[in-house]
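First the structure, in the form of structure tokens, and then the observations on it.
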Amino acid sequence: MRFLDLVKARQSVRGYLSKEVEREKIERCLEAARLATSANNSQPWNFLVIDNPKLKEAVARKTFDSVIS
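Position one of the sequence shown corresponds to residue 1 (full-length UniProt numbering), numbered consecutively onward.
Right under this line is the structure:
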């Protein structure tokens, strides 16, 4: 697939299934993100995988609260 075709075919996902994502898929996504280029190779990102449902809910709530306040 050519890059322009890939860009044209992209979609915004607004609905998610409630099933758990396999750890291997998460690790593959993180590896792809880790290999992404950044300005001056600064790599200004941190990744945190939260698989505890209660903690995930608390983080989501705090994140949303900071956006609307």
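We put the beta carbon where it would ideally sit given N, CA and C, even for glycine.
Item                                                                              : Value
Beta-carbon proximity check, V59 vs I68, cutoff 8 Å                               : no
Coarse secondary structure for E31, derived from DSSP in three states             : helix
Span separating the alpha-carbon of I42 from that of A36                          : The sequence as given places Ser at residue 42; Ile does not occur at that position. Their Cα atoms are separated by approximately 11 Å.
N-terminal and C-terminal residue of the alpha helix (DSSP H) that K19 is part of : It is not in any alpha helix (DSSP H) - K19 carries neither H nor E in the DSSP assignment.
Distance CB(A32)-CB(F47) smaller than 8 Å                                         : no
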